[in-house]
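J.:
Okay, here's the thing in C-alpha cells:
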C-alpha cells in the first residue's frame, strides 16, 4: 500500500532493474503498522503523510562547524559528499577511506546484501538498497593497526524543501586489523529532513573495531539507521551509541557472532526530551562456541519524550559456552515522558551463561537527599545524578580523549533539558 511518503521517495529512483524490484516490493508492502511487533511502540502514521524531495545539491557549510572533529574525516552534507570539508590526505598505511561513488574499488553495497533485503521485513533497509547512490567505504588491510580515530561526519543543513537521502556504508577489517571510528550525525541548523542509513560491518578473524556513534540531529529531523555486523573468530567489536536528538530516530543494531570466541561490547544512551521519539532495537546472535556479548543501555525520558528499547539475544544450537549479558535501566524525569523496554532472550544451546534485566524508575530520593545535605541545590543535585547515570555506558572506553568528548556531548544535552 503506497503513501505520500513512499511515493515521494520513489520519485528519486534512478537505479537498475534489480533495484527497481526492491523498490516495487517496498511500495507493494507499504509501511509497517501497529500490528507489526517490530514497530509496536513506534508509529509511522504522521510520517507516512509527509513528502520529501530527492537531494540535488547541498548548501555550503562553514568549516567552523567541524572545528572539534580532527582529520582524517569523510564528510557528507545532506547526503552528498563534501570534498572541501573532508580530509583524506595522508591516510595511515593499510587504510582506504572514500565515498563509494568516488572510488569504485570501495563498493558501498553488494549483490548478496541487496538480495537479503529483498526478502526482509525492514522497509527502510529495502528502500536503502533500492535508492542509495553513495555512502562511506572504509577498509583496513589484514594486520594493519590504525592508531588515530577516523571520523565519518553526516550533516543535515537547512533548505527550503524537506529532503530525503539514503546512504549505504561499509566498514571492513581484514584479519588481525584494528581501527577506531567516530561517527557524527549533526545539524547545521533547523530542518525536517529524512536520513535513511545502512551500515555493513565485517570483521575478519582477530580484528578489533572500536566504534562510537553520536546522533545529535535537528529537533525536526527523522533518522533511520541500521547496522548489520558479522564477526569472525576472535574478533572484537566495541560500540557506543549516543542518541541525543531528532524528532523520530530509530536505530537497529544486528550483530552475528559468527566465529568462535568473537566478542561484542555494545553500550548506549537514549535521551528522549521535548517531543522526540527515540527507538533502539538490538538483535544479537550467538552462532559459535564461546562467544560473548555485553549490552548496557541507559535511557532518559524528559518533557514529552518517548524512549523505546528492545534488546534481543539469540543463542543458536551449538553455541555452547556463550556468555550473554544485557542491562537496560531507565529514568523518567517528567510525568509526561514515556519509556518502553523489552529484553528478550532465546536460548537453543546447553552450557551457556545468560542474564538480562530492565528497569524504569526515577532518581533515588536517598541520593538526592544526601547531595542536598552537602549543600547542592535541588536542580544541581538532579543534574549530577542524571549525568552519572548516563555516563556509565562510557566507562569501558579506553581512549580518555574520546570518553571526555562523549561525556561533554551528554552533559550539553542534559544541560539543554534545564535551559
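Numbering (full-length UniProt numbering), first residue to last: 1 to 419. C-beta atoms are modelled at their ideal positions from N, C-alpha and C, and glycine is treated no differently.
1. Looking only at its chain, what residues have a beta carbon closer than 7 Å to the beta carbon of residue 348, apart from the 5 residues adjacent to it on each side?
2. Given 8 Å as the limit, is there contact between the stretch 349–357 and the stretch 376–384, that is, 3 or more CB pairs closer than that?
3. Using three-state DSSP, classify residue 220 as helix, strand or coil.
4. Thinking C-alpha only, which one of 402, 415, 95 is nearest residue 68?
5. Between which two residues does the beta strand (DSSP E) holding residue 85 run?
6. I need the straight-line Cα distance from residue 366 to residue 413, nearest angstrom please.
7. Grab the span of the beta strand (DSSP E) containing residue 343 for me, first residue to last.
8. Going by DSSP in three states, residue 266 sits in which element: helix, strand or coil?
9. Is the separation between the beta-carbon of residue 27 and that of residue 2 shorter than 8 Å?
10. Indicate the three-state DSSP secondary structure (helix, strand or coil) for residue 123 in the structure shown.
11. Could you round the C-beta distance between residue 174 and residue 142 to whole angstroms and report it? I think they count as a contact, below 8 Å.
12. Does the beta-carbon of residue 237 have 16 or more other beta-carbons within 10 angstroms, so that it is buried, or is it exposed?
13. Would you call the stretch 284–295 and the stretch 321–337 touching, i.e. three or more CB-CB distances under 8 Å?
14. Could you compute how far the alpha carbon of residue 24 sits from the alpha carbon of residue 36?
15. Measuring straight from C-alpha to C-alpha, what distance separates residue 395 and residue 139?
16. Look at the alpha carbon of residue 75 and the alpha carbon of residue 273, and state the distance between them as a whole number of angstroms.
17. Are the Cβ atoms of residue 339 and residue 303 separated by less than 8 Å?
18. For the beta strand (DSSP E) holding residue 359, just list the boundary residues, first then last.
19. For residue 17, which of 129, 310, 95, 65 has the nearest alpha-carbon?
20. Pull the bridge partners of residue 155 from the DSSP assignment, please.
21. Sorted by chain position, which residues of the same chain lie with C-beta nearer than 6 Å to residue 337's C-beta, five sequence neighbours on each side aside?
22. Report, in whole angstroms, the separation of the C-beta atoms of residue 231 and residue 257, which I expect to be a contact under 8 Å.
23. Classify residue 41: buried if its beta carbon has 16 or more other beta carbons within 10 angstroms, exposed otherwise.
24. Who are residue 310's beta bridge partners in DSSP?
25. Considering only DSSP beta bridges, list what residue 250 is partnered with.
26. Helix, strand or coil for residue 397? Go by DSSP, reduced to three states.
27. According to DSSP, simplified to helix, strand and coil, what is residue 301?
28. Looking only at its chain, what residues have a beta carbon closer than 6 Å to the beta carbon of residue 197, apart from the 5 residues adjacent to it on each side?
29. First and last residue of the beta strand (DSSP E) that includes residue 98?
30. Which partner residues of residue 180 appear in the DSSP bridge assignment?
31. In this structure, how does DSSP classify residue 366 when only helix, strand and coil are distinguished?
32. Counting contacts by CB-CB distance shorter than 8 Å, is residue 45 in contact with chain B?
T.: Per the coordinate set shown:
1. Counted from its first residue, the chain shown places residue 348 at position 348. Cβ neighbours of residue 348 beyond the five flanking positions: 315, 316, 317.
2. In short, these stretches do not touch, since the Cβ pair count stays below three.
3. Counting from 1 along the chain shown, the entry for residue 220 is found at position 220. In this structure, residue 220 counts as coil in the three-state DSSP scheme.
4. The sequence position of residue 68 within the chain shown is 68, counting from 1. Sorting 402, 415, 95 by C-alpha distance to the C-alpha of residue 68 places 402 at the top.
5. Within the chain shown, numbered from 1, the residue matching residue 85 stands at position 85. From DSSP, residue 85 is part of no beta strand (DSSP E); its letter is neither H nor E.
6. Locating residue 366 in the chain shown gives position 366, where the first residue counts as 1. Locating residue 413 in the chain shown gives position 413, where the first residue counts as 1. C-alpha separation (whole angstroms): 25 Å.
7. Start at 1 with the first residue of the chain shown, and residue 343 comes out as number 343. First-last of the beta strand (DSSP E) with residue 343: 338–347.
8. The residue given as residue 266 occupies position 266 in the chain shown. It is a strand residue.
9. Taking the chain shown and counting its residues from 1, one reaches residue 27 at position 27. Taking the chain shown and counting its residues from 1, one reaches residue 2 at position 2. Going by C-beta atoms, residue 27 is nearer than 8 Å to residue 2.
10. By one-based count along the chain shown, residue 123 stands at place 123. In this structure, residue 123 counts as helix in the three-state DSSP scheme.
11. Within the chain shown, numbered from 1, the residue matching residue 174 stands at position 174. Within the chain shown, numbered from 1, the residue matching residue 142 stands at position 142. Right, the Cβ-Cβ distance comes to about 3 Å (below 8 Å), so this counts as a contact.
12. For the purposes of this step, residue 237 is identified with residue 237 of the chain shown, where counting begins at 1. Buried, because 16 or more other Cβ atoms sit within 10 Å of the Cβ of residue 237.
13. yes
14. Sequence index remark: in the chain shown, residue 24 carries index 24 (1-based). Sequence index remark: in the chain shown, residue 36 carries index 36 (1-based). Straight through space, the alpha carbons of residue 36 and residue 24 are spaced by roughly 20 Å.
15. Start at 1 with the first residue of the chain shown, and residue 395 comes out as number 395. Start at 1 with the first residue of the chain shown, and residue 139 comes out as number 139. Here the alpha carbon of residue 395 sits roughly 28 Å from the alpha carbon of residue 139.
16. Within the chain shown, residue 75 is the residue found at index 75, counting from 1. Within the chain shown, residue 273 is the residue found at index 273, counting from 1. One C-alpha to the other measures close to 27 Å.
17. In the chain shown, residue 339 corresponds to position 339, counting from 1. In the chain shown, residue 303 corresponds to position 303, counting from 1. Residue 303 sits away from residue 339, with the two beta carbons spaced by 8 Å or more.
18. Taking the first residue of the chain shown as position 1, residue 359 is located at position 359. 353–361 is the span of the beta strand (DSSP E), which, as asked, contains residue 359.
19. Residue numbering aside, residue 17 sits at position 17 when the chain shown is read from its first letter. It is 129 whose Cα lies nearest to the Cα of residue 17.
20. Along the chain shown, one-based indexing puts residue 155 at 155. For residue 155, which the question treats as bridged, DSSP gives the partners 77, 186.
21. Within the chain shown, numbered from 1, the residue matching residue 337 stands at position 337. Contacts found: 301, 302, 305.
22. Within the chain shown, the letter at position 231 stands for residue 231. Within the chain shown, the letter at position 257 stands for residue 257. Indeed, because the Cβ distance is near 5 Å, the residues count as touching under 8 Å.
23. Position 41 of the chain shown, counted from the first residue, corresponds to residue 41. When all chains shown are included, residue 41 counts as buried.
24. As a first step, residue 310 must be located in the chain shown, where it is residue number 310. Beta-bridge pairing links residue 310 to 281, 342.
25. On the chain shown, position 250 is the one that residue 250 refers to. Beta-bridge pairing links residue 250 to 224, 279.
26. As a first step, residue 397 must be located in the chain shown, where it is residue number 397. DSSP places residue 397 in coil when its eight states are reduced to three.
27. Translated into the one-based positions of the chain shown, residue 301 becomes position 301. Note: residue 301 maps to strand in three-state DSSP.
28. In the chain shown, residue 197 corresponds to position 197, counting from 1. When the five nearest sequence neighbours on each side are left out, the beta carbons in the same chain lying within less than 6 Å of the beta carbon of residue 197 are those of 167, 225, in order along the chain.
29. Within the chain shown, numbered from 1, the residue matching residue 98 stands at position 98. 95–99 is the span of the beta strand (DSSP E), which, as asked, contains residue 98.
30. The residue labelled residue 180 in the question sits at position 180 within the chain shown. Per DSSP, 210.
31. Residue numbering aside, residue 366 sits at position 366 when the chain shown is read from its first letter. Note: residue 366 maps to helix in three-state DSSP.
32. Looking for chain B here will not work: only one protein chain is present.
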